Amino acid sequence: MKSLFTYPLLISITFNVFLLEQLLKIPVLFEHFQEHQQRETDISFLNFLTHHYSFEKHTDKDESRDMQLPFKSHTSHAGGFDFHAATRFTYLPKAAELSGGYSFSYYYLLHIPTPYQQSQFRPPRA
Numbered sequence: 019m020k021s022l023f024t025y026p027l028l029i030s031i032t033f034n035v036f037l038l039e040q041l042l043k044i045p046v047l048f049e050h051f052q053e054h055q056q057r058e059t060d061i062s063f064l065n066f067l068t069h070h071y072s073f074e075k076h077t078d079k080d081e082s083r084d085m086q087l088p089f090k091s092h093t094s095h096a097g098g099f100d101f102h103a104a105t106r107f108t109y110l111p112k113a114a115e116l117s118g119g120y121s122f123s124y125y126y127l128l129h130i131p132t133p134y135q136q137s138q139f140r141p142p143r144a
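First residue of the sequence shown? That's 19 in this note's numbering, and the numbers climb one at a time after it.
Have a look at this one:
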């Protein structure tokens with residue numbers, strides 16, 4: 019029964035974090051890798067990923083093509099939706115209005131007597 023709710027929730031969270039649009043760009047990654055292999059025959063896939071996803075400055079001149087790679091550009095598809103469950107305004111009174119304006123002191127609840135502090139000034143013991 020738990021898995022009935024767990025797996026759809028996990029898929030929903032995953033697709034909200036890693037957008038499906040980015041996952042659909044993975045074929046572009048392999049196409050771009052093949053383009054680089056045609057120019058440089060000794061490049062490995064790991065070197066290709068390091069070149070495009072590290073913080074190093076890019077030396078190739080295909081910046082527009084690089085920005086088409088997955089997880090390279092930031093796009094926001096945060097489509098907000100409003101959910102109005104209440105059809106009329108519900109007034110919730112404040113606690114002071116419910117108590118009639120009286121203020122209560124809860125200081126006495128904070129005092130915890132201990133046998134070691136019966137009095138502040140105790141006579142010395144012999």
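Quick reminder that beta carbons are idealized off the backbone N, C-alpha and C, glycines included. Remember, predicted model here, so these are calculated numbers, not experimental data.
For H50, the closest C-alpha among the options L41, H70, Q40 and D60 is that of H70. Here DSSP, grouped into helix, strand and coil, assigns Q86 to coil. In the three-state reduction of the DSSP assignment, E58 falls in the coil class.
Taken atom to atom, the span from the alpha-carbon of E53 to that of E39 is near 22 Å.
Taking 8 Å as the upper bound for CB-CB distance, L42 and L87 are not in contact here, some 12 Å apart. An exposed status is given to F23, since fewer than 16 other beta-carbon atoms sit within 10 Å of its beta-carbon. Ranked by how close their Cα comes to the Cα of D80, the residues F89, I61, R57 and L64 have R57 in first place.
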